[in-house]
Each structure stands twice: as C-alpha cells, then as structure tokens.
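Enquirer: Going down the list, the protein sequences come from chains A and B. Each number in my numbering corresponds to the 1-based position in the first sequence with 69 added. Each number in my numbering corresponds to the 1-based position in the second sequence with 3 added. Next up is a structure, given as structure tokens.
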Amino acid sequence: MYQIVVIIFFVIMAGWVFWTVKSGNFTTPKLKILLQKTLVSKKEFIKLKGKSYSYALRILFYQITLALFFLLAVSGFVPIMITGGHLSGIPLIIHVTIAPFFCVSLALSVLFWVYFLRFDSKDWDYIKGLNQKRKKKHKAILDINFWQKVNFWTFATISLPAITSIILGMYPIFGTSGQEILIELHRYSTLLLFIVVLFHIYLLFIKLNNESYI
Amino acid sequence: MMSNQIFLLVLIYLLLCSMVWAQEEELIGDVSDGSRATPVHLIQLIDHDSSVVRLDDQPLMPYSTKITCGKCHNYDKISTGLHFNAGDSAASAGRPGHPWIYVDQQSGTQIPLSYRDWPGTYLPQEIGISTLNFLETFGRHMPGGGVGEKEQFRSLENLFRWQVSGDLQINCLSCHDAEFAYDRSEYALQVARQNFRWAATAASAFVWVRGSAKDMPDNYDIYFGRVPDQPQKMPPQVFYDKSRFNYKNEVFFDIVKNIPNENCYFCHSTKIVDSTRTQRWHFDGDVHIESGMFCVDCHRHGLDHKMVRGYENEQRNTDKSMTVTLTCQGCHLPNNDEPVPKVGRLGAPQPLHLGIPTVHFDRLTCTTCHSGEWPKQQVLPIRTSAAHALGMHGVIKSEQALPHIYSPVFIKQSDGKIAPHNLVWPSFWAKVINDSIVPLEMEFISPIVQKFIVNDDTLGIRSWLDLNSGVIIKILDSLALNMSSESEPVYISGGFIYRRDDDNHLLQETHKIAQPYSWAIAHDVRPARQSLGARGCDDCHSTSSPFYFAQLGIDSPMGIHKNKTRAVIEFQEKNIIAAWVFSFSFFFRPLLKVFIISSCLLIAGVLILYSFKGLAKITQAAAGKK
C-alpha cells in the first residue's frame, strides 16, 4: 500500500517539476542564484563576527538539515519504491547512520530559527486580510514570509511523530501491532515532511522569481 | 446378438460400479462415532495369506498388519499418508526434509538420498542401491509401506529375494502401539535381516522371531522350514506368547490415537554434540512437549494420514484453513479475519514481541529465533535417529561417526525467509557426461577405491578416513580406465568438484551440485526467554553474533579442508560487509538514542514554549489588551 502511495506521490512530483521546468520558472541560472543566496561559504563564515555568527549558524544548520533530509528521503523512499516492504541492507545502514545527525541538526535549526519565524501581529493581520479579500472576492497577495513560517512550524511539528515513532520502536514498549502502527506513522509522517519541504522549495522559487515578494 | 452386447455392457458397468463402491466403502474403524474413548483392540491376528493365526499352526506365521489392521481401517487410504508416500509421484514432495544419508567410510561417501523430489538429494538407484538394499540399510527407521511394498520399486534381480523377505508393510504399531514392551529396536534388527514380513510382528511384546531371511537362498519356501543343505542357517521362525491369546484366539493390542511422544522420538530424535553438555539432563527438550503436549497435537491428520508438517505455506489438498491454524503463527498469533476464532488452540499464548521491529517477521521464520540449538560461534554437529540409527541395539556411539550433520545453520529459504537448518556436505564419486554430473554406483567404485584408501580406523570411530590429493588422483585415474571415454570421473567434496587436469594435477571447481544439502528444522522449540532477541538486539546484531558470523566447518575426508570453515551468512544471500557494518552500528545504538531523544526533547520544548507564548497572546487579546 505504502509503496503505491509513494510511487503515486513521486509521479505527481515529477510531473510538477516537469511542468515547472517547461514553464521557465526553473532554470539553471535561477537555481544558481538560489543556492548563492542560501549558502554561506566558509570564507564568509570565518569573516562573520558577533551577531553575524548566529546568522551563519542559522544558515549552516538549515543547509545541513535540508541536505540530510534529502539523503534520508533518497535512502528511505527509493528502496521502498523499488522493492516495497521494509528497508534493509545498505540503504538501511545509510538511513540509520544519517538519522541521528539529521535529528541534532534539525533540533539546532529549530532552536536558531524559531525566534525569527514566530508568528506575530503582522501575520494575524495578513490572515484577517485574506479573509476580507475572500469575502470581497479579490485575489489574495501571497505573503511568502507568512507561508514560510507556516512551513517551519508544520515541519517542526510533524518531525516529532516522525522521529519518536522510530525511537519508541527501539524500546520494549510496543508489541507487534504497536510496532506496525509506529512504522506506518513514521512512513506517512516522513512523506508529509517531504511535501512540506517541497512546498518550502516552491516558496523559495517564487521568492526568487518575484523580488517584490521578499 | 445386439441385446447380448447391451446386456454385457450393462453387466460390466455394474461390475465397475460395485468395485468403486467397494473401494469407497467405509470400514468400521474409518469413521469415528464421536466417542472420545479409545476403543479396545482385542482382535484376531491374520497372516499374509488372510488366515487367522492359530497357536497350533505349523509353521507359525507372522501376522500381517495390512490384513489384521486393514480389516477395520482403510489400508489403501492410509498408505497415501506422509510417512508412506515417499515414492509416490502423485504426492507433493513438500519442503525439503531430512534425507536418508548413505555413508561409506571406505570410499569417502556421504550422500543424501530420497525418494522425494527434493533438490540436492538422489534416488537410491542413482548410486546403485536397490530398494531391497535401501530398506535393509534405512528400513530400521521407516514405518514400512510405500517403497517397501510396491512392486514398481523392485528390480528384476531381486525378485526372488522379495519372495523370501516379503513386503515391508506399513507397521501401524510402530506409532500406535503404546505397550511399553513394544520393541522398535527389534523391528529395526528384523528389517536389517531382510525379515520384512516378520518385522512388525517381531516388535510386538508377545512375539519372538529368530532366524534371518537374508541367510536363506532365493528359492527358500517360507512354509517349508529349514534349508536342507544349510541346516546351520536359521530361517525366520515365530514364537507367540500363548498367555496373550484368549479362548477366541484374540490378542489385546494397546492401540492409542494420541501417539505417545516416545514413539515419535524413536525415529525423530536429535542429539546435540556439545563438549560442554554431555549428559542427558543438560538438555531440556521441546517446550511444547515439556508442557505436556503431544507431537500429534500439532502434527495432525485424518484417516489418510497426510500429516500436517506445520511449516508456513504448506500446500495441502484439503483442510487448508485448518492446516494454517497448526502452524506457529496460526496457533500463537491473532487473526481477526477468521469468522470463528481459531487461534490459541490448546491454550497457545500470544507472544508480545515487545520492541521487535516488524521487519523481523517478514524476513525470518518463527523458528529462527525460537527453535533449534542456541547458535554458537562454531556450528555444532548433531546426531539424528534417521542418520545415526539412534535407539537401536549396538548403535555406534562415537560422536564423530558419519554422517556429519551440522545445526543450526541460518539459511534463506525459497520463500525468502531465513530459517534454521540442518546441513550436510555431500561427498561422493561421480562422472561428468555432457556437462551433467551424476553419481557413480557404489558397486562400481567400491572395489577400485578400496585399493587406494587405507582403512586405519582401528578404534572404530567411523569418521572420515584421510584422503589426500595424490590418492584422489590415483582413484580418478583408475576410475577413468574403467569408464567410457565420453565420461570423466570426478570427486565431489567440501563444496567443490575435483577433477584431474592434463598434467595430472587436481583441479578444484565450484558447482551447484557440490553445495551442501540442508533442511529446515522446527524443534526443539526453546522457551520464550531463551529465544534470540530476548536479551536485546545484540543477540543477533553484534559483530560477533553467531546468527551472521558463526563458522560452519567444511566437512570432507580431504586433508585440504581440515579446519576450514565458512561463515553462515554466505547461506543467507547477504553481503558480509554490510551485515558487519550494520551490526557494528548497534554499538552506537545507545548513543544514537541519546542524541535523538535529546533532539526530540529540544524540538518539543521549543514547540511547547512557543505554544504557551501564543496562548499568552490569545489570553491578552481576549482581555482586550494589545
């Protein structure tokens, strides 16, 4: 069942990427700019002082978390799509080796980003504005920052069941049916995490395409 | 004229109908009336000529189980059962099981035989063993029937011998006789003497049989008595205990439906050869049996005696839904799909399997963790009834005696699951013809091999005699001289094929045929707390775990294989490096848990903190404050 769900999901995702590339929203130069904007080079990192360290670490943890997440996704989803059933062998070794580093990196990312991505009165105003525009049937303006915040909080929230479902399974607490529930919880919550990450990338592209949104 | 033909056709039709009806007629003992009591078997003995055995008969004849028991029970139907249908091509071979292992110490032969179509086994006739010789050798632990009484398995040269020995009919009593004095070892001795006709009778508590059909000439007449020109040789003779016969010439048999476990154990015993545990009291036995169950509580059957073997995916023609409930999962694991619950039969407890990831149930059979000997760094040798004639008078008690069987070896089965197996390395002489390899007949190789191999087993250990490369080359040379030029002699041993090259050197090659033969085991089942994983993941997932890294000795008479081993993981179709790395990762598992739990606590803490902050804002807004 899960294998079919994952395959369907990735087929849709591939279709979406194809459509994006075809429509010209996704080009190599744009990707380059995106990476330049989001990456902090070693040189820049050393130069940073004082408050800038916080910024550099924030970006660093964000990048590491994203990179590890993609490695986890590849080692987790690809074997499932091919063979179905459970992870095993080398993909499993890769998956479990990366997982603790991802968790630590994610926790630090949350720690470093949470203040900047907290909801405030502007977000409340945006939501109220959205509601009014809906009533007047006006086209809503996309507030990237608001949606990035939503993205962040959703990711942080879903990551908890995704991680705890696996760690709890390592203790003699749950029996066979409990273990089955835990593994299903892990599977579907990670799929949701993947969707959230895709949405995050989508927002980044929109931001890149239209500087007025920044 | 026409009416006569029609009449004849109708007559033939009615005759056929009556025959079919006669075949399907239920006998008195075929169908239970519902009483759970055991019927008393006070019956007359009937011999092979369908005559009632009377104590004043001269000579006294053995009783026939086929006719005596068959009077009330459908013998033909019973003979289709698992224990009797090995040679029946219509019967399903099922999962590979314990073969009959033919051993010849002098020729360095150890080859698995079976009349069933199990890959890796050979038909006895392929090594020149006739059915008569086969029964003489292995009939000791066979309950008769099948190849023992069907004429299609008899070779022409033994035709007269079969007249003397008689059929080896199904010995119903070997399982069903609960009398303590019923002597299965005596049955085995009688079979070895070719006293097939007398074997079942001789084992009974009220009969003695002396003499040997094997000593009698081919033209011996069983009704005549002694052979005139060989008076020193004793023909088979029967002596009944007169006190056991009542006035109606009836004898009481202590027949039971619930077969005592000891009756099964005569043929199905296994002894672990472990230098650290040498006494019987060091071993516990199967947890089911020790809790009071009978073997037949799970290994059930109907009149057809098609016994449930109890492994997963066992194919059965009938009663499949009931068969499933007699597997490990069928009895112990919940199945809510059944309209009527069938789990928990006989009070089977439901395992909790706390903390065991479900992937284990997809990749392993239940027996992997629960059955057989707890795995050790060196796979242990075992001795079994069928292979080592355990339970017989005069059995060779040497623990090194051939055949050499190893257990448990964790091997991936055809269904993709890993299961514990017993394993034997084949060693035999063969010939290569047109790229196919077939074993050579023992009668052909024995005289040749004897010239070159020195039997120095003066202590009677009955293990391998030393075979070095030089001797093998000499034997291969000698065999080649006695064979047609199209075929090439080879020796198979230790997982390799050995052949001569043009420079008369011994070449070692790998080939599927040289691979060890293995069969899955299910017993003895250990208690839950002695199952793999009961103490944690390290039971299997450590870099020194016997589950992956136990060393299996390569068994061969050849010196080059001495002290050589193979890791059992090679039989699991797994990458040894990947398995080692994965096992090694468990060393860091506690640290991994600490990292992950700390991370989770941090994330959860942040989420809770900001949730409360959000809540504070809401309460402020509710109070009308900005």
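Cβ coordinates follow ideal geometry from the N, Cα and C atoms, glycine included.
Since residue 409 of chain B and residue 383 of chain B should fall inside the 8 Å C-beta cutoff, what is the C-beta to C-beta distance between them, to a whole number of angstroms?
Expert: 7 Å
Enquirer: Would you say residue 272 of chain A lies against chain B (beta-carbon separation less than 8 Å)?
Expert: no
Enquirer: Compare the Cα-Cα distances from residue 424 of chain B to each of B/550, B/218, B/297 and report the closest residue.
Expert: B/550
Enquirer: Alpha carbon to alpha carbon, how far is residue 168 of chain A from residue 491 of chain B?
Expert: 58 Å
Enquirer: Roughly how many angstroms separate the alpha carbons of residue 30 of chain B and residue 134 of chain B, rounded to a whole number?
Expert: Taken atom to atom, the span from the alpha-carbon of residue 30 of chain B to that of residue 134 of chain B is near 32 Å.
Enquirer: Just checking my contact of residue 46 of chain B with residue 56 of chain B at CB under 8 Å: how many whole Å lie between their CB atoms?
Expert: About 11 Å separates the two Cβ atoms, so there is no contact after all.
Enquirer: Return no unless some Cβ of chain B is closer than 8 Å to the Cβ of residue 153 of chain A.
Expert: It does not: the Cβ of residue 153 of chain A has no partner Cβ on chain B nearer than 8 Å.
Enquirer: Compare the C-beta of residue 240 of chain A with all C-beta atoms of chain B and state if any pair is closer than 8 Å.
Expert: yes
Enquirer: Okay, do the region 475-486 of chain B and the region 155-162 of chain B touch, 3+ Cβ pairs below 8 Å being the bar?
Expert: Taking 8 Å as the limit for Cβ pairs, the verdict is that the region 155-162 of chain B does not touch the region 475-486 of chain B.
Enquirer: With a CB to CB cut of under 7 Å and the five nearest residues on each side skipped, what residues in its chain are close to residue 345 of chain B?
Expert: Residues of the same chain with a CB within less than 7 Å of the CB of residue 345 of chain B, apart from the 5 flanking positions on each side, are 328 in chain order.
Enquirer: Report yes or no: is there a C-beta of chain B within less than 8 Å of the C-beta of residue 179 of chain A?
Expert: yes
Enquirer: Output yes or no for whether 8 Å exceeds the beta carbon distance between residue 498 of chain B and residue 517 of chain B.
Expert: yes
Enquirer: List the endpoints of the continuous beta strand (DSSP E) containing residue 377 of chain B.
Expert: Counting along the chain, residue 377 of chain B falls outside any beta strand (DSSP E), and DSSP gives it neither H nor E.
Enquirer: Report the start-end ranges of each alpha helix (DSSP H) in the region 50-135 of chain B that is 4 residues or longer and not cut off at the edges.
Expert: 68-71, 78-81
Enquirer: Ignoring anything shorter than 4 residues or poking outside the region 345-369 of chain B, list the alpha helix (DSSP H) runs there in chain order.
Expert: 362-366
Enquirer: Rounding to the nearest angstrom, what Cα-Cα distance links residue 525 of chain B and residue 535 of chain B in this structure?
Expert: Straight-line Cα distance between these residues: approximately 14 Å.
Enquirer: Given that residue 578 of chain B touches chain D, what residues does it touch there, using C-beta distances under 8 Å?
Expert: The question asks about chain D, but that chain is absent: this structure's protein chains are A and B.
Enquirer: Going by DSSP, which residues form a beta bridge with residue 431 of chain B?
Expert: Partner(s): B/495.
Enquirer: Can the beta-carbon of residue 213 of chain B be found closer than 8 Å to that of residue 169 of chain B?
Expert: Contact flag unset, no.
Enquirer: Identify whether residue 261 of chain B lies in helix, strand or coil by the three-state DSSP scheme.
Expert: If DSSP states are grouped into helix, strand and coil, residue 261 of chain B belongs with coil.
Enquirer: DSSP puts residue 46 of chain B in a beta bridge; with which residues?
Expert: B/254
Enquirer: Can you tell me whether DSSP reads residue 238 of chain A as helix, strand or coil?
Expert: helix
Enquirer: Please report the straight-line C-alpha distance between residue 251 of chain A and residue 371 of chain B, rounded to a whole angstrom.
Expert: 24 Å
Enquirer: Can you pull out the residues from the region 582-615 of chain B whose beta carbon lies closer than 7 Å to at least one beta carbon of chain A?
Expert: 584, 585, 588, 595, 596, 598, 599, 600, 602, 603, 605, 606, 607, 609, 610, 613
Enquirer: Using a Cβ-Cβ distance under 8 Å, would residue 228 of chain A count as near chain B?
Expert: yes
Enquirer: Is the beta carbon of residue 192 of chain B closer than 8 Å to that of residue 185 of chain B?
Expert: Contact check for residue 185 of chain B against residue 192 of chain B fails: the beta carbons are separated by 8 Å or more.
Enquirer: Given residue 272 of chain A, which residues of its chain have a CB within under 8 Å of its CB, disregarding the five upstream and five downstream residues?
Expert: Correct list, in chain order: 213, 216, 217, 220.
Enquirer: Counting Cβ pairs, one atom from each stretch, are 3 or more of them under 8 Å apart for the region 267-282 of chain B and the region 234-251 of chain B?
Expert: no
Enquirer: Is it buried or exposed, residue 337 of chain B, if we count other Cβ atoms within 10 angstroms and call 16 or more buried?
Expert: exposed
Enquirer: Leaving out five residues before and five after residue 195 of chain B in sequence, what residues of the same chain have Cβ atoms less than 7 Å from its Cβ?
Expert: 139, 143
Enquirer: Count the other C-beta atoms from every protein chain shown that fall within 10 angstroms of the C-beta of residue 96 of chain A, then say buried if there are 16 or more, exposed otherwise.
Expert: exposed
Enquirer: What does the Cβ neighbour count give for residue 523 of chain B, buried or exposed, with the cut at 16 atoms within 10 Å?
Expert: buried
Enquirer: Between which two residues does the alpha helix (DSSP H) containing residue 448 of chain B stretch?
Expert: 445-453
Enquirer: What does residue 634 of chain B reach in chain A if we use C-beta pairs closer than 8 Å?
Expert: Because chain B in this structure spans residues 4 to 629, residue 634 of chain B falls outside the shown range and cannot be described.
Enquirer: Are residue 428 of chain B and residue 558 of chain B touching if we call contact CB-CB under 8 Å?
Expert: yes
Enquirer: Distance cutoff 8 Å, beta carbons only. Does residue 142 of chain A sit that close to anything in chain B?
Expert: no
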